[in-house]
RNA sequence: GGGGGUAUAGUAUAGCCUGGUAGUACUACCGGCUCCAGACCGGUGGAGGGGGGUUCGAAUCCCUCUGCCCCCA
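In the numbering used here, the protein residues as written are 2 to 452.
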């Protein structure tokens, strides 16, 4: 995990470094249809394989968005950011799957499953309802009630080992094994929506903060290792498909010569459907070349091969896509953390408490009025401004006007705080009303196996 | 299977040997300063894992359970 220095005004370079370090891709802002506030403001700054999602969407094919919740503690603004993104994907046509990590909360935090359920419904789902997710296309399930995710975690565990966990998570000999199981079950959570019973093969995107990337890297690695067919760049241009022979599929894809030949005929058959005229299959060397294929062809090719793999009895799992958002600064200027209530605002926060928190929040103002008028404030480190930017001011022009006013010294820090408090009050009040009004919908969000 | 260590406030820790007011730092909260916050100054909260024993009195000594750490096999 990379520490993100909240004091730094050179935030963008930090995030550039993260993109480098984590091997992420920058957000292709120009290609995002109907960009949200988070996209426009660069809050969502990177992704992995988002192209899969965008391609599926532009072709009118199905795609999904996945997230999870730990049913402990209260929902706060940090959670809102993720749900806003989930809702955006839903508005773009995604189906939504939400995992309640009750097994994990039970094993690592000592909550009973009954408590988990209560917290999940009353604290989390109630807010999802209020934040406008569509119950028709949202499925919330409990890990404990969907055994397939545990089974998948078990199976996927074959593709990794303790050394990798040590490297990714810093686990050591003293690590409780419940913490070792959790990421595997989580991989099951992320991948299982692709199963035929849960919507079938389609790209799934997981919006997260960068601190969650290790989970996704693991999950992508695990999924990739189960694939029977590889798609790689070909030296002379185009793409090359090779067959990955392992214990599980040896008898199916690599028996005698006749079997191998038949497999390659099937690969060619699957690719023909995509309209390539030049398919160079070489069963003897175990390769199929597509000289004319381009980078953007990877996705349809991959999907065709996964479909073929499934028809042959393989798991046919597509690596999940992901997007990465910046973290909002904590109220006190440091990190926002649910274990430190003074650093964030809860979605059911009392308005007076909220106001108090803003009044106490770190500012980017100067020491005296005179200095402030002369030098202006620094919105990059000013909590009130950052909260308008991340959460409460949807209007870009209005936000920019406030920013200019603050930088110019026309708006004092105290004034900016009051503006933010007003906005936050309105939002929290509306959210609370919506929670009440729509409480009856909570049940409709639950998957059949969660009722 | 055997042996050793450890458990103190939200966090990090002192005190235990030699029983007698649980101390410190950060955090939190309140006040001052400040347009506000921070910094700074002043103040206020909050704690010995569970059970049992010894004792007038136990964080401290003993037993035990539980959690965590380590060593040997």
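Ideal Cβ positions, reconstructed from N, Cα and C, are used throughout, including at glycine. A quick note: this is a predicted structure, and the numbers were derived from the prediction, not measured.
Buried versus exposed, by CB contacts within 10 Å (16 or more), residue i
i	result
residue 341	exposed
residue 274	exposed
residue 178	exposed
residue 11	With a pLDDT of 36 at residue 11, under the threshold of 50, the modelled position of that residue is not reliable, and no figure is offered here.
residue 127	buried
residue 393	buried
residue 155	exposed
Reduced DSSP category for residue i - H, G, I as helix; E, B as strand; rest coil
i	result
residue 113	coil
residue 53	helix
residue 5	For residue 5, the predicted model reports a pLDDT of 36, less than 50, meaning its position is unreliable and no value from the coordinates is stated.
residue 313	coil
residue 172	coil
residue 243	strand
residue 441	helix
residue 346	coil
residue 373	helix
residue 233	strand
Cβ-Cβ distance between residue i and residue j below 7 Å
i	j	result
residue 91	residue 58	no
residue 365	residue 383	yes
residue 306	residue 230	yes
residue 83	residue 98	no
residue 324	residue 45	yes
residue 220	residue 183	no
residue 19	residue 211	yes
residue 206	residue 33	no
residue 223	residue 160	yes
residue 157	residue 122	no
residue 132	residue 106	no
Terminal residues of the beta strand (DSSP E) in which residue i lies
i	result
residue 326	322–326
residue 460	Since the first and last residues shown for the chain are 2 and 452, residue 460 lies out of range.
residue 142	139–143
residue 99	96–101
Element boundaries [alpha helix (DSSP H), containing residue i]
i	result
residue 184	178–192
residue 148	148–157
residue 271	258–273
residue 128	127–131
residue 28	Element bounds for residue 28: n/a, residue is neither H nor E.
residue 282	Careful: residue 282 lies outside any alpha helix (DSSP H), inside the beta strand (DSSP E) at 281–283.
residue 222	214–227
residue 406	397–409
residue 85	78–92
Cβ contact (3+ pairs, closer than 8 Å) linking the segment 233–243 and the segment 158–171: In this structure the segment 233–243 does not lie against the segment 158–171, because fewer than three pairs of beta carbons, one per stretch, are closer than 8 Å.
Touching by the beta-carbon criterion (3+ pairs, under 8 Å), the segment 27–45 and the segment 143–159: no
The segment 433–448 touching the segment 401–419, judged by at least three CB pairs closer than 8 Å: These segments do not touch.
Inter-stretch contact (C-beta, 8 Å, three-pair minimum) for the segment 323–330 and the segment 247–258: no
Contact the segment 258–268 vs the segment 284–291: 3+ CB pairs below 8 Å: yes
Given 8 Å, three or more beta-carbon pairs between the segment 363–381 and the segment 422–442: As far as the Cβ criterion goes, the segment 363–381 does not touch the segment 422–442, which means the pair count is below three.
Stretch-stretch touch, CB-based, cutoff 8 Å, three pairs: the segment 380–396 with the segment 418–426: Touching, per the Cβ criterion.
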